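As structure tokens, the structure follows; a few thoughts come after it.
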Amino acid sequence: SQPISQKSQSDILNLLKSDKHEVHDGYRIVAGVVLSRNPIILRDLHPFEREYYLYQQRLEHIHAPPFPVDFYFKKGSVAEKKWKEKKEREKADALLAFGSRKTKNKTSSEKIGEDGTIDSSDVSSEEEEIKIASRITSADLTNDIKSLDRALQRTLYLIVKKPREEHSWQFPQGGVEKTETLVQAASRELEEECGNCMDVWFVGRRPVGYYKYNYPKSFVKDNAEYKGAKVFFMAAHIFAGQVNVDNKEIVDFAWVTKQEMKNYVHTEYYEAVKDMLEFIVTTLGQRWSSAPTIIHGVEYLIFVYLIFGLLRLWYVNYLWKKEENRIAEIRAKIEKELDVPDTTVPINGTATASTGLNTSTVGVPMTTFGPSASITGSSMSITGLSTSIAGLSTSITGPSTSITGPSTSITGPFTSITGPSTSITGPSTSITGPSTSITGPSTSITGPFTSITGPFTSITGPFTSITGPSTSITGPSTSTTGPSTSITGPSTSITGPSTSIT
């Protein structure tokens, strides 16, 4: 808390004579105003930032495609000469690395023909030299703390001086009346103490800072009703105008930076408000500051735009996937109602799976390709002309699974057909691949010209039958095992070393 000197007790007593001020738990409610002038110009670049922008400019110059001068400008014309002069100046500016430059206009007498061409290689620049205003003003040179035209790169704060010796410099503040809000009280006190010649805008209706201090013990002893004061600071910006003190409540004022404020206000007062000033600059002042901020070599705005762009792409992709799913659901519903077979074939991809109960895949011709492709489900049927299942480690699993159709082929190493009552039916049906197995009770392969080819091919299960003319089982270590296993048909052959029928 901030102590109050004995000399200030008379001022406090005058303020408390009126009973219209707001009091809470013995503390007088006070509204203060942190009136600031935001930076007018961009801050000076940090040496790292300067090097970064120079590096970006050089990269842009190196990778930029050459400008077709001959296409846009007539050779020997005035426009061509001006363009070349401009490019020379840009090269000189790049070498100066954002330093100050002074260009001198060249003057010469030239004769221009009717076709607009000139013979002289030196062309005078008709553009007047632009005079850039200095970043250091006269108020900076004279240290005029009452001028708003100083420290253009920094934020200035208004502090006023009370007619007392101790704790005289502070922010404008005054008591809150019982019928007022904090903003209304702050606006009224600012106008009473600093005049009405300023265009001021309050940032919000909530305070940006707060601190509490106690009155001297000698004063509290005579006025037990009051313990001290609670000050709530309201942030505001000035757009135009100047302070006009009344020389009664306020005798002087100054526009100072945060660092300069330490030389005017009391140490305890500065410690109480310094964090609040940092909050105003970093949070409330961002919308007013145009100084670039760099995050790991990337401009802040570019970084923000990049993030929003990625989020937008993700959202568009999400909507697209959602719409695809919705269309698929509607299509499946319509096909179910109309009993229309699925003709969305072929199905191509890696690790493609069709899973479900009573699932059917029908099409002419129908193909399922992909390594590790699986078709699983009870009462699973694959029907179609020239139907093929090809891939590495392809499996067909499920009870009552049937593959039906002429010229049906199952091809691939480590291909397995597993399940009770599994049937493969159709003329010219072939099962080809090393380590191909057909397993399950009551498994049947039926059809003329049916062939099972491959090393380590096995047909296993009770009541397993291979039926059809010209049916062949070919391959080394080929086995047909199971009780009541039959191989029936004219011109049926079982060929291969280590071939067994058990």
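Numbering (the working numbering), first residue to last: 5 to 506.
Built from N, CA and C at the ideal position, the CB exists for glycine as well.
It should be emphasised that the depicted structure is a prediction, and the values quoted were computed from it without experimental measurement.
| query | result |
| --- | --- |
| By DSSP's criteria, residue 177 is part of a beta bridge. Which residues make up the other side? | 36 |
| My understanding is that residue 39 touches residue 194, with C-beta atoms under 8 Å, so please give their C-beta distance in whole angstroms. | 7 Å |
| Could you give the first and the last residue of the continuous beta strand (DSSP E) run that contains residue 241? | 232 to 245 |
| Do the stretch 191 to 210 and the stretch 240 to 251 touch if we need at least three Cβ pairs shorter than 8 Å? | yes |
| In angstroms with no decimal places, state the Cα-to-Cα distance between residue 68 and residue 159. | 39 Å |
| Buried or exposed for residue 184, going by 16 or more other Cβ atoms inside 10 Å? | buried |
| For residue 254, which residues in the same chain have their Cβ closer than 6 Å to its Cβ, ignoring the five residues on either side in sequence? | 164, 197 |
| Quick one: give me the first and last residue of the alpha helix (DSSP H) that residue 165 is part of. | That residue, residue 165, is in no alpha helix (DSSP H); its beta strand (DSSP E) goes 160 to 165. |
| Look up residue 257 in the DSSP assignment and say whether it is helix, strand or coil. | strand |
| Could you say which of 273, 241, 179, 272 lies nearest to residue 26 if we only look at CA atoms? | 179 |
| Are residue 400 and residue 421 touching if we call contact CB-CB under 7 Å? | yes |
| In angstroms, rounded to a whole number, what distance separates the CA positions of residue 55 and residue 155? | 25 Å |
| CA-CA distance, residue 135 and residue 97? | 16 Å |
| Can you say whether residue 167 is buried or exposed, counting buried as having 16 or more other CB atoms within 10 angstroms of its CB? | exposed |
| Just verifying my parser: in three-state terms, what is the DSSP assignment at residue 172? | coil |
| To which residues of the same chain is residue 34 closer than 8 Å at the C-beta, ignoring the five residues directly before and after it? | 177, 178, 179, 180, 233, 234, 235, 236 |
| Does residue 76 pass the burial test, meaning 16 or more other C-beta atoms within 10 Å, or should it be called exposed? | exposed |
| Which residues in the same chain have their Cβ closer than 7 Å to the Cβ of residue 2, if we skip the five residues on either side of it in sequence? | Past the edges of the chain, shown from 5 to 506, lies residue 2, and the structure says nothing about it. |
| Is the beta carbon of residue 339 within less than 6 Å of some heavy atom of the ligand GDP? | By its list of ligands, the structure shown contains no ligand whatsoever, and the ligand GDP lies outside what it can speak to. |
| Indicate the three-state DSSP secondary structure (helix, strand or coil) for residue 28 in the structure shown. | strand |
| Excluding sequence positions up to five away, which residues of its chain have a Cβ less than 6 Å from the Cβ of residue 266? | 274 |
| Taking DSSP as the reference, what is the three-state secondary structure of residue 203? | strand |
| Among 142, 95, 287, whose alpha-carbon lies nearest the alpha-carbon of residue 212? | 287 |
| Taking only the alpha-carbon atoms, compute the straight-line gap between residue 244 and residue 259 and give it to the nearest angstrom. | 14 Å |
| Rounded C-beta distance between residue 269 and residue 173? I'm assuming under 8 Å. | 5 Å |
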